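Chemist:
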Amino acid sequence: MVDKTALRAKFTAEWEHHYKLDVLTSKGFSRHQCKTCGRHFWSLDANRTHCADSSCMGYEFIGKKTKDLSYVETWRGISKYFTQDSAVKHTEIKRFPVVSRWRDDLYFTNASIIDFQPYVVTGEVEPPANPLIVPQHCLRFNDVGNVGITGRHYTGFVMFGQHAFNTPKTGLFYWKNEALENDYQYLTKVIGVKPEDLTFQEDVWAGGGTFGPSIEYTANGMELGNCVFMQYQEMDDGTSRELSTKVIDMGAGLERLAWYTNGTPTSYEVTFGDVIRNMKRKTGVHLDEELFTRYAKLGGLVNMEDDDVKEKRDWVAQQLGMKADDLYGRLGSLHAMYAIADHLKTILYTTTDGMLPSNAGGGYNLRLLLRRVFGFNSEYAFNFDYGKILEDHAKMLKGFDDSLQEGLQTAIDVVLEDEKKFMQLQETGKKKMQVVVERLKKENKPLQKQELVTLYESHGIPYELAVDAAKKGGVHVEEVFNFYDAIGVSNEKKKEKAVKAYPGIEKLPATKTLYYDLLYADEFSAKVLAVDGNNVILDQTLFYPEGGGQSYDTGTLNGVGVKSVQKIQNRILHEVENPAAFHAGMEVKGFISRERRANLMHNHTATHVLNATCREVLGNHVWQAGAHKEWDKAHLDITHYKKLTEEEVRKIEAKVNLRAQQTIPVHKFVMDRGKAEQQFGFRIYQGGFVPGKELRIVQIEGVDVQACGGTHINNTGEIGFFKILKTESVQDGIERLTYATGVPALEWVHEKEDKLQQLTDVTRVPEQDIVQGVQKLQEEYKALRKKVEELQEFYLTSMGKELVGKAKGSKIVEIVKGLSQQDTLKLAQLLVNANEALAVVLVSRDANFVVAMSGKMSSYNAKNAIQTMLSFVKGSGGGSEKVGQAKLQSLDGIDVALMKI
Ligand SMILES: [Zn+2]
Ligand SMILES: [Zn+2]
Numbered sequence: 015m016v017d018k019t020a021l022r023a024k025f026t027a028e029w030e031h032h033y034k035l036d037v038l039t040s041k042g043f044s045r046h047q048c049k050t051c052g053r054h055f056w057s058l059d060a061n062r063t064h065c066a067d068s069s070c071m072g073y074e075f076i077g078k079k080t081k082d083l084s085y086v087e088t089w090r091g092i093s094k095y096f097t098q099d100s101a102v103k104h105t106e107i108k109r110f111p112v113v114s115r116w117r118d119d120l121y122f123t124n125a126s127i128i129d130f131q132p133y134v135v136t137g138e139v140e141p142p143a144n145p146l147i148v149p150q151h152c153l154r155f156n157d158v159g160n161v162g163i164t165g166r167h168y169t170g171f172v173m174f175g176q177h178a179f180n181t182p183k184t185g186l187f188y189w190k191n192e193a194l195e196n197d198y199q200y201l202t203k204v205i206g207v208k209p210e211d212l213t214f215q216e217d218v219w220a221g222g223g224t225f226g227p228s229i230e231y232t233a234n235g236m237e238l239g240n241c242v243f244m245q246y247q248e249m250d251d252g253t254s255r256e257l258s259t260k261v262i263d264m265g266a267g268l269e270r271l272a273w274y275t276n277g278t279p280t281s282y283e284v285t286f287g288d289v290i291r292n293m294k295r296k297t298g299v300h301l302d303e304e305l306f307t308r309y310a311k312l313g314g315l316v317n318m319e320d321d322d323v324k325e326k327r328d329w330v331a332q333q334l335g336m337k338a339d340d341l342y343g344r345l346g347s348l349h350a351m352y353a354i355a356d357h358l359k360t361i362l363y364t365t366t367d368g369m370l371p372s373n374a375g376g377g378y379n380l381r382l383l384l385r386r387v388f389g390f391n392s393e394y395a396f397n398f399d400y401g402k403i404l405e406d407h408a409k410m411l412k413g414f415d416d417s418l419q420e421g422l423q424t425a426i427d428v429v430l431e432d433e434k435k436f437m438q439l440q441e442t443g444k445k446k447m448q449v450v451v452e453r454l455k456k457e458n459k460p461l462q463k464q465e466l467v468t469l470y471e472s473h474g475i476p477y478e479l480a481v482d483a484a485k486k487g488g489v490h491v492e493e494v495f496n497f498y499d500a501i502g503v504s505n506e507k508k509k510e511k512a513v514k515a516y517p518g519i520e521k522l523p524a525t526k527t528l529y530y531d532l533l534y535a536d537e538f539s540a541k542v543l544a545v546d547g548n549n550v551i552l553d554q555t556l557f558y559p560e561g562g563g564q565s566y567d568t569g570t571l572n573g574v575g576v577k578s579v580q581k582i583q584n585r586i587l588h589e590v591e592n593p594a595a596f597h598a599g600m601e602v603k604g605f606i607s608r609e610r611r612a613n614l615m616h617n618h619t620a621t622h623v624l625n626a627t628c629r630e631v632l633g634n635h636v637w638q639a640g641a642h643k644e645w646d647k648a649h650l651d652i653t654h655y656k657k658l659t660e661e662e663v664r665k666i667e668a669k670v671n672l673r674a675q676q677t678i679p680v681h682k683f684v685m686d687r688g689k690a691e692q693q694f695g696f697r698i699y700q701g702g703f704v705p706g707k708e709l710r711i712v713q714i715e716g717v718d719v720q721a722c723g724g725t726h727i728n729n730t731g732e733i734g735f736f737k738i739l740k741t742e743s744v745q746d747g748i749e750r751l752t753y754a755t756g757v758p759a760l761e762w763v764h765e766k767e768d769k770l771q772q773l774t775d776v777t778r779v780p781e782q783d784i785v786q787g788v789q790k791l792q793e794e795y796k797a798l799r800k801k802v803e804e805l806q807e808f809y810l811t812s813m814g815k816e817l818v819g820k821a822k823g824s825k826i827v828e829i830v831k832g833l834s835q836q837d838t839l840k841l842a843q844l845l846v847n848a849n850e851a852l853a854v855v856l857v858s859r860d861a862n863f864v865v866a867m868s869g870k871m872s873s874y875n876a877k878n879a880i881q882t883m884l885s886f887v888k889g890s891g892g893g894s895e896k897v898g899q900a901k902l903q904s905l906d907g908i909d910v911a912l913m914k915i
């Protein structure tokens, strides 16, 4: 791993080589060292002592408008410069999805370069255009606590990416001088930065075994971009060499650029435009412009994630001549509004790109955002119409990002569904908070971070609501500033469990696969390369190894059963019943179970058809969240935010059957990864990340295209009959459809028919009347039950009367028959209610149970009676002075026991 501090020192020493660029010196820029942060920077001002970073000078651009550009117009200006005016013309490409399904490490796209890793950056796959610019919407969840407060933090923002991939094949498009010239030109001309305000800061960058210098652009306290030069590769022996593919990776936040042009107190005013204007109008939240502007300039110095945030916040308040509580209290509703606007925008993007709120994985982050939205809305009683806010976002970005129009309606549904869940939680949450507040008050303790974490994780109570409830209840809250790290908000995908290591396997050649070409064969010959434990490895095989959610083939090798087939590092291992029958070098004849394989193929292709059909019927938010294909049945998990209705299931089922009848051709081919993404879009990654610069594509004409390594039939007609057997929610936000095709599907229908037949046999109601027949039986049963209850009541009452008649004095002791434990208790209660001076001891013969009860006016001790009895009969029990009961092992000795009480 490259050590950045060491690298920085090295590059600073070699500054003339890395940072002294003609583009700077020819314009008159000279090198300086910042007196505050110590970093080196380049400026036109020969006497400049401080760099233009916000932590070294505050937000000096606030209140100084440079251009009258809206958020979208800022992008248009940048786009025009790079596509028309720059010396080397760039191509503007469409943004990639915010859900980074093409990667195995991240849930969400968090920088523009993410679009091109790993294969474009290494030069193995061609980029969609070269050089290019992209307005890449990015999501970041590491600063959730800062969003709305600092004026610059977002969970969702557009990174303007400027990239040139200089590969050995393309040659050099441009390098440092040209990159900086381009950025100097657009910053001064489009954004309106005065050249004398602009500083270029020297920095370094390292990641994934490559590294290089980088230069940061700042002006008046604002970071306006960062240009990374991917230049060197770290070698195993610690040395380094120049990369053969050199990449320009310049990223700049569009929000910041638009903010700089407008000089508004926060960037939110510009980024959210009409959205925030309408929100302010709706709530009537106005701000003290003068105070807010003074605050905003200082606000740049505060980061909620820093350790010294409390001191800094206090300091800011002091500068404004206010108490911290008073200042932040006044700003609170505004901060909450900005956060709501940001969070809902993120939900609009993720819903459009197919990730829904849930309680696991990336969806966990989204659920948290919505909880915050609902929490703020309730805390400040905003009463927002979320649908309207989402609509305003989509409207504002029309022409810039039209995909949002497609996701809008679903996003509204998703938010409303999640709000229902939140409301249900609210009731129990409020009670829980009351209990917590009472306890803390009694113990005279503050509400601390660990408890806040538990309240969110176990009870769904958002941080802000918990704090609010505690403060209102008079409990001190310990200030917590990095709460969102503590609850595990993360963009990193959990690694799949590592494949079993198989030492020495790399010495064997990769197994030649026959199952793609000989799709309908069931026989093959091969040579044994090795036998290892129970596994036989061949030079080639027709056996499909488990993978891509498809189960393995079974069959025989030389008549010996093959139990399981797995693939490890491109070698296929056949687990056989008798490994002693094989040795390296021998020829074998293999057979695969044709029926099993055929069903697996039918089910796999049906899965693709089903997935596409679910998307058509339920909406564009549907993605495959998981799938498993066995020979007799299969299941597909889809992203969806509510239970499927019977009507939807029928519609989906009918459409899949129709597509089978339409005998649609299924094509399978290998294709360059970048080309496949451009031609078919990112929907090809339904199964998640697929490694390699080339992809195997399965295309069902006009229905579905996916990157998939499974065995697929040539025509949907082979699916035959398709039947959905069951649907269920397997996880919040994920619905599972279980289904079968062909004969197994028919067998399932037969089973249902058999059950119906049995039902008509048992009830003796003919099939056509079965529903009414069962209903009638049920009604009769209910009526009979009621009758039985009445009779029981009558029986108890008359038995009670009889006992009262027999009673001598103030105590009844009796062994009763035909009464359950419940009825015995009831009878005792009946008796002491009727005569409050009475005490009763009843033994139920049927239930091996005894109850002692003493009336309100009776002085008889029921507990003592039970204890005395338990010294004569085996059993356990206890009670109070008024009621005692015991469960007895047997009634042996009960007569003696009853005489003793
Ligand atoms: Zn500085
Ligand atoms: Zn597949």
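Position one of the sequence shown corresponds to residue 15 (this note's numbering), numbered consecutively onward.
Idealized CB from N, CA, C, for every residue including glycine.
Since this is a predicted model, take the numbers as computed values, not measurements.
#1: Leaving out five residues on either side along the sequence, give the residues of the same chain with a beta carbon under 8 Å from the beta carbon of N505.
#2: Would you decide whether E691 is buried or exposed? Buried here means 16 or more other CB atoms lie within 10 Å of its CB.
#3: Which same chain residues, not among the five before or five after R710, have their C-beta less than 6 Å away from its C-beta?
#4: In chain order, what residues of the same chain lie with their CB nearer than 7 Å to the CB of Y133, ignoring the 5 residues before and after it?
#5: Relative to ligand 1, is the shortest distance from any of its heavy atoms to the C-beta of T50 smaller than 6 Å?
#6: Compare the beta carbon distance of G893 and L844 with 7 Å and say whether it is the shorter of the two.
#7: Nearest-angstrom Cα distance between R109 and S281?
#8: Tell me the DSSP secondary structure of L345 in three-state form.
#9: Name the DSSP bridge partner or partners of L305?
#10: Confirm the yes/no value for this check: CB of G175, any heavy atom of ligand 2, distance under 6 Å.
#11: What runs of the alpha helix (DSSP H), each 4 residues or longer, lie entirely inside the region 457-538?
#12: Beta-carbon separation of A310 and R327 under 7 Å?
#13: Return the residue from the list K41, Y33, M71 that minimises the CA-CA distance to F55.
#14: When the Cα atoms are used, what is the spatial distance from L257 to P227?
#15: With a threshold of 16 other CB atoms inside 10 Å of the CB of V763, please say whether the residue is buried or exposed.
#16: Cβ-heavy atom distance between G722 and ligand 2 below 6 Å?
#17: Which of the three DSSP states is assigned to L201 in this structure?
#18: Nearest chain D C-beta to K78 closer than 7 Å, yes or no?
#19: Once you ignore the five residues that flank P460 on each side, which residues in its own chain have a CB closer than 8 Å to its CB?
#20: For the region 740-825, list the beta strand (DSSP E) runs that are entirely contained and at least 3 residues long, ordered along the chain.
#21: Regarding D67 and ligand 1, is the C-beta to nearest heavy atom distance less than 6 Å?
#22: Quick check on the DSSP output: the beta strand (DSSP E) that includes A853 runs from which residue to which?
#23: To which residues of the same chain is A842 closer than 6 Å at the C-beta, ignoring the five residues directly before and after it?
#24: Starting from N847, follow the alpha helix (DSSP H) in both directions and report where the run begins and ends.
#25: Given that a residue counts as buried once 16 or more other Cβ atoms are within 10 Å of its Cβ, and exposed if not, what is A364?
#26: State buried or exposed for T677, treating a residue as buried only when at least 16 other CB atoms are found within 10 Å of its CB.
#27: Please state whether the Cβ-Cβ distance between T568 and R608 is less than 7 Å.
#28: Cutting at 6 Å between CB atoms, please list the residues of its own chain near A233, excluding the five before and the five after it.
#29: Reducing DSSP to helix, strand and coil, say where I107 ends up.
#30: Where does F43 fall in DSSP's three states?
#31: Mapping the DSSP letters down to three states, classify C51 as helix, strand or coil.
#32: Excluding the 5 residues flanking V218 on each side, which residues of the same chain have their C-beta closer than 8 Å to its C-beta?
#33: When you compare only the Cα positions, how much space is there between Y795 and V776?
#34: Between E662 and the rest of its own chain, which residues show a CB-CB distance below 8 Å, the 5 nearest in sequence each way excluded?
#35: What does the Cβ neighbour count give for E28, buried or exposed, with the cut at 16 atoms within 10 Å?
#36: Could you name the residues that DSSP lists as bridge partners for K581?
Modeler: On the basis of the data shown:
#1: The answer, listed in chain order, is L120, Y121, F122, N124, L153, R154, F155, N156, G376, N379.
#2: buried
#3: V684, G723
#4: V139, R687, K707
#5: yes
#6: For G893 and L844, no; Cβs fall outside 7 Å.
#7: 22 Å
#8: Three-state result, L345: helix.
#9: Per DSSP, none; premise fails for L305.
#10: No - ligand 2 has no heavy atom lying nearer than 6 Å to the Cβ of G175.
#11: 463-473, 477-486, 497-500
#12: no
#13: Y33
#14: 13 Å
#15: exposed
#16: This sequence places Cys at residue 722; Gly is not what is there. Correct: C722 has its Cβ closer than 6 Å to ligand 2.
#17: helix
#18: No chain D is part of this structure, which consists of one protein chain only.
#19: L454, V489, H490, V491, E492
#20: 748-755
#21: Under cutoff, so the answer is yes.
#22: 853-858
#23: Sequence-distant Cβ neighbours of A842 in its own chain, meaning closer than 6 Å and more than five residues away, are V854, L856, V865, M867.
#24: 835-848
#25: It is worth fixing the name first, because residue 364 is Thr in this sequence and not Ala. T364 comes out buried.
#26: Counting Cβ neighbours within 10 Å, T677 comes out exposed, since fewer than 16 surround it.
#27: no
#28: Cβ within range, chain order: A66, V207, D211, L212.
#29: coil
#30: Looking at F43 - three-state DSSP - the assignment turns out to be coil, as it is neither helix nor strand.
#31: DSSP, read as helix, strand or coil, puts C51 in coil.
#32: K18, L21, R22, F25, F225, G226, P227, S228
#33: 16 Å
#34: V631, L632
#35: exposed
#36: According to DSSP, K581 bridges with I586.
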